[in-house]
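For the protein sequence lines, the chains are A and B, in the order given. Position one of the first sequence corresponds to residue 1 (my numbering), numbered consecutively onward. Position one of the second sequence corresponds to residue 1001 (my numbering), numbered consecutively onward. Note that CB positions come from ideal geometry on N, CA and C, so glycine has one too. Comments concern the structure below.
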Amino acid sequence: MKNQKRVIYNLIIVLTVAFLSLLPVSLLGNKQASAADNSKRIKIVFWHEMTGPAQTQLNEFVKQFNKSQSKYQVVSQFEGTYEEAVQKILNTHESNTSPAVFQSADISVSQLYHSGYITKVQKFIDKDKSFNVNDISSVARAFYSQKGELLGMPFNTSQPVLYYNASLLKKYNITPPPMNPSYSDITRVAKQLYQRSNKKVKGMTMEVYGWLFDQLIANSGNYSVNNQNGRLATPTKASFINSGSLKAMEWIQENVKSGDFINYGSGTNASANEMAAFLSGKLGIFMESSADIGQLTLGMKNQKLGVTYYPHADGQKANGVAIGGAALWISNDKSSEVQQGAWNFIKYLESAKNQATWQKATGYLALNKNSKKTKTLKNLYKKNPALKVPSEQLAKTVPNNSNSGIFVEGIVQERIILNTALDQIYNGSNIKSSLTQAEEAMNSYIKNNNRANGWRY
Amino acid sequence: MEEENNLLDAKKQNILENSKKSILANKISVKKNDKFYALLFLGPSLLLLILFIFYPMLKTIYLSLFLTNGNGQNTVFVGLENYVSLLTSSTYLASLGSTFVYVIGVSVLTIFLGLLLASTASKNVRGSVFFRTIFSSTMGVSISVSAIFWLFIFNPSIGILNQVAAFFHLPILNWSTDPNLAMISVIISTVWMNLGFAFLVLFSAFESLPLSLYEETAIEGVGPVYRFMHVTIPLISPTLFFVSIITLIESFKSFGLIDLMTAGGPNNATNMLVYQIYQNAFLNGNYSQASAESVILTIIIAILTFIQFKYLEKKVSY
């Protein structure tokens, strides 16, 4: 009996202490909410997938936007990788946790278009006379458009480019490749580098990455899937085998055979290895997103970085490459007032000044044509002319159905399938048979996806 | 008198029967109470199991019979088509094959090396305490840390392994990019990761071995190999059995190291079953296919565990 009483007393004491310790927390919470006076503002939940310096800058933009007006309060939330985020967006639609505006990557355009969950930004562009959409890069807009309507607003944008170690080339007395190089230009430099360094420096690499393969096809003016990359109608078949892809893969295999090509495999591991080798002077040339430019200039302190346009086949003009990166989308499950706030936020991010700041902070390309007139970008280009190359490539490209991305669902799957084929080709397999296997795998994926969506297949 | 006697007998019998009945009734009531208490105490865990294990399991089977559309909804009922397409797809079968290579490689090497280390560390020699700590230390290393430093070791350009090879004029190997070598490098790092646990458990089994038996075998003049095979192994067989099952199941489920080191590449060489499920469910949003893959994986693990219990356990002497 005595013991029982003691237990009860102890319990009461513990509970009282717990209650008392929680009390000030709850009082404080109330105070904070009233102090900020955000209750009158309309809350705009913004989901993004940016990390590192890009995240810091994005949060800075959010802070500045909230300060610049008193009607809306943008709340930014980090949601992991692009692939994870798009699943969350689709799964939370019409729940109270879903975002009003979100960032979603190049791979999800078709999926979001067909989801029926978004309000096309074209709707706001048509109404808003203060915003001139022609200021925004036409190649980037073409990527996120369907049937002449802009679906999401391009935001963080990159382009594939070719990097070379200019100091290394100078050391071995090799003429650098031209600004708009052909395959044979690159082969020449890679071979010379490999031979003149006594095989100590590898000439070139291209990561096993379906995106880079698709870009080689785009630059040749061909299509990765039928119906002109899905722009004319729902795609029903992959078309990985075309004159562009065959020439590109023959070019790679030629370099593999002569030993100047090194294969780093696929995945983040591969890009890290590639970068490490390039920075330590053991690799001369590689192709990757222009988004790497910041990291490269930082890493190459005593060496000079060279940048050129994405390479193209010999005897043929470059068609231009598609953009990479992500766009900002508006959900249609929020009130028109909230959607308007989301649009105002997007408009704010697209201004010439903010786009210039964005490029300086992150390496993503400024999409506003007026950004290059800003002091920020002028100073940046003066300090490092190499940074200008991707922007020029973007500005020079004329959009068409070949270089505006692939409008098909399951691009993640497409990349995995293509990586398998690239792996095989790099290891010496027959190009046509590897790509045929990839086509078959993608065809069955497209067929099942079209069935599941109730489309023609 | 006889009638009276008869009456008495009848009464006695009545009483007897009644008492029997009451005992029976009591028994039944006890049983009823038992069931009530059993339900009361098992109820919460049963509820949790139903909610988090059985319901998802059944739902997974259900989902695997549909096609998933772009919004992640299951729209078209296709029966067993997902299973058929999986079991006829060359990539899936290849991944099945590589999973088996990986699992067998990891399990055998982990147990073999674990035994080797444990038997060495159990010898009472100078510094053995130090080595015990070193051998079990991989348990304290997180997967991401070990993945990163193995990546540095295997890096084709700046990795230690290739630098050492270059120094001795040995051939330079592309560890993480050559399909066969990538599998070996993933196996090596997984074995290294698992070794700490296997060592610790096996070592504790070695420590509990009765000394007297060893003294007897020493007197009998039995050689060390014979003693190890016929005395030590049977004595630690329950622990060995436990370690082998745990290692097998764990290596089937291993995900972190593969995600960080190879992400399933190169050329799908390290694309294990679990990694494919992750890719399909969380990167592709193809829930139905991922569900079908999960069901197949569950069946495989269940069969293997069953075989282990059926055949291996017979050799275990408790």
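Taking all protein chains shown into account, do 16 or more other C-beta atoms lie within 10 angstroms of the C-beta of residue 60 of chain A, making it buried, or fewer, making it exposed?
-> Here residue 60 of chain A refers to the residue found at position 60 of the first sequence. Exposed.
Measure from the C-beta of residue 1334 of chain B to each C-beta in chain A and report whether the shortest distance is under 8 Å.
-> There is no way to answer for residue 1334 of chain B, as the model of chain B reaches only from 1001 to 1318.
Could you tell me how far apart the beta carbons of residue 1086 of chain B and residue 451 of chain A are, in whole angstroms, since I believe they sit closer than 8 Å?
-> For this step, residue 1086 of chain B is matched to residue 86 along the second sequence. For this step, residue 451 of chain A is matched to residue 451 along the first sequence. Rounded, the Cβ-Cβ distance is 16 Å, inconsistent with contact.
For residue 114 of chain A, the three-state DSSP class (helix, strand or coil) = Position 114 of the first sequence, counted from the first residue, corresponds to residue 114 of chain A. Here residue 114 of chain A sits in helix by DSSP.
C-alpha gap between residue 375 of chain A and residue 387 of chain A, whole angstroms | Taking the first sequence and counting its residues from 1, one reaches residue 375 of chain A at position 375. Taking the first sequence and counting its residues from 1, one reaches residue 387 of chain A at position 387. For residue 375 of chain A and residue 387 of chain A, the distance between alpha carbons rounds to 15 Å.
When the Cα of residue 235 of chain A is compared with those of A:54, A:224 and A:243, which residue comes out closest?
-> Position 235 of the first sequence holds residue 235 of chain A. Out of A:54, A:224 and A:243, A:224 has the C-alpha closest to the C-alpha of residue 235 of chain A.
Beta-carbon of residue 1282 of chain B versus every beta-carbon of chain A: anything under 8 Å?
-> Here residue 1282 of chain B refers to the residue found at position 282 of the second sequence. Cβ-Cβ to chain A under 8 Å: yes for residue 1282 of chain B.
Could you work out which residues of chain B lie near residue 84 of chain A, taking near to mean beta carbons separated by less than 9 Å?
-> Counting from one through the first sequence, the residue named residue 84 of chain A turns up at place 84. Within 9 Å Cβ-Cβ: 1282 and 1283.
Whether residue 261 of chain A touches residue 306 of chain A by CB criterion (8 Å) = Translated into the one-based positions of the first sequence, residue 261 of chain A becomes position 261. Translated into the one-based positions of the first sequence, residue 306 of chain A becomes position 306. Their beta carbons are not under 8 Å apart, which means residue 261 of chain A does not touch residue 306 of chain A by this criterion.
How many whole angstroms separate the CB atoms of residue 164 of chain A and residue 285 of chain A, which I take to be in contact at a CB cut-off of 8 Å?
-> Against the first sequence, residue 164 of chain A aligns to sequence position 164. Against the first sequence, residue 285 of chain A aligns to sequence position 285. Rounded, the Cβ-Cβ distance is 5 Å, consistent with contact.
Residue closest to residue 103 of chain A, alpha-carbon to alpha-carbon, out of A:79, A:251, A:119 and A:110 | Here residue 103 of chain A corresponds to residue number 103 of the first sequence, with the count starting at 1. Considering only alpha carbons, the answer is A:79.
Residue range of the unbroken beta strand (DSSP E) whose run includes residue 1103 of chain B = Translated into positions along the second sequence, residue 1103 of chain B becomes position 103. Here residue 1103 of chain B belongs to no beta strand (DSSP E); instead the alpha helix (DSSP H) covers 1090 to 1121.
In three-state terms, what does DSSP make of residue 1252 of chain B?
-> Position 252 of the second sequence, counted from the first residue, corresponds to residue 1252 of chain B. Helix.
Specify the secondary structure class of residue 267 of chain A as computed by DSSP and reduced to three states.
-> Along the first sequence, one-based indexing puts residue 267 of chain A at 267. Three-state DSSP puts residue 267 of chain A in a helix.
Quick one: Cα of residue 35 of chain A to Cα of residue 407 of chain A, how far?
-> Taking the first sequence and counting its residues from 1, one reaches residue 35 of chain A at position 35. Taking the first sequence and counting its residues from 1, one reaches residue 407 of chain A at position 407. In this predicted model, residue 35 of chain A has a pLDDT of only 42, less than 50, meaning its place in the structure is not dependable enough to derive any value.
Beta-carbon proximity of residue 139 of chain A to residue 346 of chain A, cut-off 8 Å | In the first sequence, residue 139 of chain A corresponds to position 139, counting from 1. In the first sequence, residue 346 of chain A corresponds to position 346, counting from 1. No, the pair does not count as a contact, with Cβ atoms beyond the cut-off.
Please decide whether residue 410 of chain A counts as near chain B, where near means a Cβ-Cβ distance under 8 Å.
-> Locating residue 410 of chain A in the first sequence gives position 410, counting from the first residue. It does: the Cβ of residue 410 of chain A has a partner Cβ on chain B nearer than 8 Å.
Give the secondary structure of residue 207 of chain A by DSSP, where H, G and I count as helix, E and B as strand, and everything else as coil.
-> Along the first sequence, one-based indexing puts residue 207 of chain A at 207. In the structure shown, residue 207 of chain A sits in coil (DSSP, three-state: anything other than H, G, I, E or B).
Going by other Cβ atoms of all chains shown within 10 Å of its Cβ, with 16 needed for buried, is residue 1174 of chain B buried or exposed?
-> Walking along the second sequence from the start, residue 1174 of chain B turns up at place 174. So residue 1174 of chain B ends up on the buried side.
Would you call the CB atoms of residue 325 of chain A and residue 156 of chain A closer than 8 Å?
-> Position 325 of the first sequence, counting from 1, holds the residue named residue 325 of chain A. Position 156 of the first sequence, counting from 1, holds the residue named residue 156 of chain A. The answer is yes: Cβ separation under 8 Å.
Would you say residue 159 of chain A and residue 393 of chain A are within 8 Å of each other, going by their C-beta atoms?
-> Along the first sequence, read from residue 1 onward, the residue named residue 159 of chain A stands at position 159. Along the first sequence, read from residue 1 onward, the residue named residue 393 of chain A stands at position 393. Yes, they are a contact pair.
8 Å Cβ cutoff, residue 187 of chain A in contact with chain B | Position 187 of the first sequence, counting from 1, holds the residue named residue 187 of chain A. Not one chain B Cβ lies under 8 Å of residue 187 of chain A.
Could you give the C-beta distance for residue 183 of chain A and residue 313 of chain A, rounded to a whole number, given that I count them as a contact under 8 Å?
-> For the purposes of this step, residue 183 of chain A is taken as residue 183 along the first sequence, with counting starting at 1. For the purposes of this step, residue 313 of chain A is taken as residue 313 along the first sequence, with counting starting at 1. 6 Å between Cβ atoms; contact.
Which two residues bound the contiguous beta strand (DSSP E) that contains residue 102 of chain A?
-> Numbered from 1 along the first sequence, position 102 holds the residue referred to as residue 102 of chain A. It spans 101 to 105 - the beta strand (DSSP E) in which residue 102 of chain A sits, taken as one unbroken run.
Verify the CB distance criterion: does residue 442 of chain A have a CB-CB separation below 8 Å to chain B?
-> Along the first sequence, read from residue 1 onward, the residue named residue 442 of chain A stands at position 442. Judged by the 8 Å Cβ criterion, residue 442 of chain A is not in contact with chain B.
Residues of its chain near residue 30 of chain A, where Cβ-Cβ distance is below 7 Å and the 5 sequence neighbours each way are ignored = In the first sequence, residue 30 of chain A corresponds to position 30, counting from 1. In this prediction, residue 30 of chain A has a pLDDT of 47, which is less than 50 and means its spatial position is unreliable; nothing more can be read from the coordinates.
Starting from residue 430 of chain A, find everything on chain B with Cβ-Cβ shorter than 7 Å and list it in chain order.
-> Counting from one through the first sequence, the residue named residue 430 of chain A turns up at place 430. None at all; the shortest Cβ gap to chain B is about 14 Å.
Please list, in chain order, all residues of the same chain as residue 1189 of chain B whose beta carbon is under 8 Å from its beta carbon, the five residues on each side excluded.
-> Numbered from 1 along the second sequence, position 189 holds the residue referred to as residue 1189 of chain B. Same-chain partners within the cutoff: 1146, 1147, 1150, 1257 and 1261.
Which term fits residue 1102 of chain B, buried or exposed, when burial requires 16 or more other beta carbons within 10 angstroms of its beta carbon?
-> Within the second sequence, numbered from 1, the residue matching residue 1102 of chain B stands at position 102. The residue is buried, with at least 16 neighbouring Cβ atoms inside 10 Å.
Kindly indicate if chain B contains any beta-carbon less than 8 Å away from that of residue 416 of chain A.
-> The residue labelled residue 416 of chain A in the question sits at position 416 within the first sequence. Answer yes: the Cβ-Cβ gap between residue 416 of chain A and chain B drops below 8 Å somewhere.
Closer than 9 Å, Cβ to Cβ, to anything on chain A: give me those residues from the segment 1172 to 1194 of chain B, in chain order.
-> 1174, 1176, 1177, 1178, 1179 and 1182
Please report the residue range of the beta strand (DSSP E) in which residue 160 of chain A lies.
-> Position 160 of the first sequence, counted from the first residue, corresponds to residue 160 of chain A. Per DSSP, residue 160 of chain A belongs to the beta strand (DSSP E) from 160 to 165.
Measure the C-alpha to C-alpha separation of residue 434 of chain A and residue 422 of chain A and round it to an integer number of angstroms.
-> As a working mapping, residue 434 of chain A is identified with position 434 in the first sequence. As a working mapping, residue 422 of chain A is identified with position 422 in the first sequence. Approximately 8 Å, taken between the alpha carbons.
Round the Cβ separation of residue 1291 of chain B and residue 1196 of chain B to the nearest angstrom and send it over; I've been treating them as touching at under 8 Å.
-> Here residue 1291 of chain B is taken as the residue at index 291 of the second sequence, counted from 1. Here residue 1196 of chain B is taken as the residue at index 196 of the second sequence, counted from 1. Their Cβ separation, rounded to whole angstroms, is 34 Å, which puts residue 1291 of chain B and residue 1196 of chain B out of contact at 8 Å.
Select from A:240, A:418 and A:410 the residue whose C-alpha is nearest the C-alpha of residue 266 of chain A.
-> Here residue 266 of chain A refers to the residue found at position 266 of the first sequence. For the residues A:240, A:418 and A:410, the minimum Cα distance to residue 266 of chain A belongs to A:418.
Got a sec: is the Cβ-Cβ distance from residue 1272 of chain B to anything in chain A below 8 Å?
-> In the second sequence, counting from the first residue as 1, residue 1272 of chain B sits at position 272. Residue 1272 of chain B does not count as touching chain A.
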